[in-house]
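Residue numbers (the working numbering): 1205 to 2201.
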């Protein structure tokens, strides 16, 4: 049986032997463009004093190898020099499995030691030469994949850097300035951090690549000796390390080294302290630096210290919200790149396969930009390697499978071309030769028989990259469009612009133009920065078009202007809308139909993030999917307060999503209450877990204790609206022999559960920087505000059996456990509630209690406004009281009628024969109508609904939700339903009046 993932040298040796020597794995033989010239170099090899005979014998036995080496010698001056300078080494490479040789070279580099600088430099350069020739021969011959080449180069860079750092630290110790914790491995605990950036950090190094590094030191860890100062010594050490790596000697160089990715390189030392770097990234870090740090990896020196630093800056790299402001910065870099000659068109001769259109950088930007946007919310998108992240983006539904495959194939092909270009002369270049000879040599090294075939495949890949890249990033709206002239500068309004606005449907084009022009005077906080105004200007055509597409363009523009006036900042939102025109259209619709939701966006711009998640277009999330989503975001919180903020962000996004689903007609109004309740119960459940953990840090927990949250009211009945409070009761039980919690500061049982309830209320309802989650009401607990905040289950059961009022049992019909420390405790609560509701009652007294209570409420809150669908006679309260009355009156005989939701209760009552089919049909029709209309109003408006003052879009939504042909017809139907419901109430329970007992 084949062994899998075994470790140790023996297993590697077995794997390498199974793969075979390089000479047996050559499958690509490059053609030599100038065969006569190539033959001269072959003659030099065959006439070598020591190795000529060996190669002649090899060529006679293996003609394929003769052709292969002829192609290599004839095409690559750099590899030719390495072969002819040491033919024995070249022959040894052919006789060994490349994997085995690479592993040995990396091991030798990591263990390299020397007494003087010249010796360590010589050792590393000889090893690098060997690696370069091994990889070059294996790569050209098709014996290894791109991934093996890039990983080997990055692995060697790590090993060489560590050897260089070890030498420098040992030398520092010899001079009495450093006291290593381990003299054999002075880098351990040294505080010296070497971060690999770019392709090195991602283990994707080029054949002749520079290495980009950031060197830091931790002054709190560095074991300095005597009068040595860490800032001085680590800067000197860094300068020396760079010299060891990149100075050219007669043996060449190891890697050219670039330190310019460190914070503010023009003004900072070569090695920065960790505290200084953290302060920089927290206060001055830029988006391009975030993009660069995606690939950062601790590669040498004190690796654990480097990993700790990278963990510390995770919040800087990965934002909690989807980040579209970053796109503009990445785009500006790309536009600067395209300003270079030759980057605007696709060509082959002289084309830059890295920076040119359709090149490697576009694949990398394609991946990195989407990582920056979504990686804060999805840790699976935080990887360093381009190909891995293409897979991850596909798995997360950010890109299509076809896009992934085409970008992957193009990336691999272009990286191979890049390597062949660099093999010619060991130059850090990505420019294809301009002359035919050079192009033919690259084509041959790629294994193509003709240049034409190579050109066709190369252009095909670059065109696909350009297509996918342009679809994602290059939809940059200008100041003019097919809409017509849209110029909003100067003192006077542009006549052509006014004509365009009028044609688009603006009834007052002068006022519309003045509103837009005012944005550019920076009068609103969101338009005060130059960058924000630039982004807004670029959006004009798309924005004006989206607003014009609404029913009332003038009103929608005024709403958008009001929206802008409340925004605290603009760059983030404007960048997001500019990158997603479809979102702008949806936002314009929201302006016209749902001012309340527009208000939400103005205060919490990040709620728009959720619309861009591909999941928005799928089915409404289940409880389990809500739970997974919330758990994922909470798992990234570093402390309790951040967890509360993350819960708020999640809930706001999902509430906004539910509203948008209603507006965009992907969720019917009668399902909104269920969706909002589903979300709330998950949020309460997960928040309770956070609260218990937080309190436990100081006070511990009650050993063997149980806790549950009982949902009442709209949440219990799964009938929530966007403005519903949460009516909750917290129940607990504790073993009789346990008197206090088990923490470092124990609390008595009652005190602990009261403290827990107080913390839960605060966690749900206290405003933080991210707003609040829900308004919370605990007044439905036994004895209301006069009773304890947390309720012992035995006391709760006793109260319900002996002391509760009729209205409290009516409320209990909607009680539902939504969070519990154990399923058994939840079941115990459910059973006790069921027993209470099933008890035999005096039906006449029950009816008197119910109609008396309805009369008292009507006296206090009564109204004749048909749009106050809760309190109006014949409104929601009438229907709910009817359902609760009939359940309490008949549950003793038929407990199966009990249901928390009013709709389900009415249906069960009808099926059990306690409600006439005609009455049931009326009540259900009215209930569904009221709920649908209420959902629309609560999502759209914050205050009372006054039809004469409401936006036309809101009226349209109400008509759509009701199914009525017109708004006036809807009002007639609503009044008629309310009259019929009140008649039914009176016929089943009695006149609405207080009955004195």
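Backbone N, C-alpha and C fix where the C-beta goes; we use that ideal spot for every residue, glycine too.
- Taking residue 1422 as the centre and dropping the five residues before and after it, the same chain places the C-beta of 1395, 1478 and 1509 closer than 6 Å to its C-beta, in chain order.
- Look at residue 1944 here: in three-state DSSP terms it is strand.
- DSSP, reduced to helix, strand and coil, places residue 1949 outside both helices and strands of the structure shown, so it counts as coil.
- For residue 1439, the enclosing alpha helix (DSSP H) begins and ends at 1434–1450.
- Residues of the same chain with a CB within less than 7 Å of the CB of residue 1376, apart from the 5 flanking positions on each side, are 1382, 1437 and 1441 in chain order.
- Between residue 1416 and residue 1401, the gap from beta carbon to beta carbon is short of 8 Å.
- In the DSSP secondary-structure assignment, residue 1936 is bridged to 1911 and 1996.
- Note on geometry: alpha-carbon atoms of residue 1866 and residue 1825 lie some 14 Å from one another.
- When only Cα atoms are considered, residue 1882 and residue 1925 end up about 12 Å apart.
- Around the beta carbon of residue 1230, 16 or more other beta carbons sit within 10 angstroms, so the residue counts as buried.
- Excluding the 5 residues flanking it on each side, residue 1971 has no same chain C-beta neighbour closer than 6 Å.
- For residue 1396, the enclosing beta strand (DSSP E) has its first and last residue at 1396–1400.
- Taken through DSSP and simplified to helix, strand or coil, residue 1260 comes out as helix.
- Per the coordinates, the alpha-carbon of residue 2188 lies some 7 Å from the alpha-carbon of residue 2123.
- Judged by beta-carbon spacing, residue 1958 lies within the 8 Å limit of residue 1992, meaning their Cβ atoms are closer than that value.
- The alpha-carbon separation between residue 1910 and residue 1598 amounts to approximately 43 Å.
- Approximately 6 Å separates the beta-carbon atoms of residue 1977 and residue 1851; this is inside 8 Å, confirming the contact.
- According to the DSSP secondary-structure assignment, residue 1931 is paired through a beta bridge with 1916 and 1981.
- Here residue 1254 is exposed. Its C-beta has fewer than 16 other C-beta atoms within 10 Å.
- For residue 1330, same chain residues with a beta-carbon under 7 Å away, outside a window of 5 residues either side, are 1455 in chain order.
- At a cut-off of 3 residues, the continuous stretches assigned as beta strand (DSSP E) that sit fully inside the region 1993–2043 are 1994–1996 and 2020–2024.
- Separation of residue 2075 and residue 2186 (C-alpha to C-alpha, rounded to the nearest whole angstrom) is 12 Å.
- Looking at the DSSP output, residue 1975 bridges to 1972.
- A direct Cα-to-Cα measurement between residue 1350 and residue 1563 gives close to 17 Å.
- Residue 1782 sits close to residue 1743, with the two beta carbons spaced by under 8 Å.
- Residue pairing of residue 1476 in beta bridges, as defined by DSSP: 1420.
- For residue 1501, there is no enclosing alpha helix (DSSP H); the enclosing beta strand (DSSP E) has its first and last residue at 1501–1505.
- For residue 1461, the secondary structure class from DSSP, reduced to helix, strand or coil, is strand.
- By alpha-carbon distance to residue 2063, the top candidate from 1777, 2198, 1676 and 1665 is 2198.
- DSSP, read as helix, strand or coil, puts residue 1382 in strand.
- When the alpha-carbon of residue 1242 is set against those of 1353, 1272 and 1511, the nearest one is in 1272.
- Separation of the CB atoms of residue 1276 and residue 1341 is rounded to 7 Å, and the pair is thereby assigned contact status at 8 Å.
- The Cβ atoms of residue 2084 and residue 2106 sit closer than 8 Å to each other.
- Contact between the region 2038–2058 and the region 2165–2182 is absent: fewer than 3 CB-CB pairs across the two stretches fall below 8 Å.
- Counting along the chain, the unbroken alpha helix (DSSP H) around residue 1571 starts and ends at 1564–1578.
- Judged by beta-carbon spacing, residue 1626 lies within the 8 Å limit of residue 1410, meaning their Cβ atoms are closer than that value.
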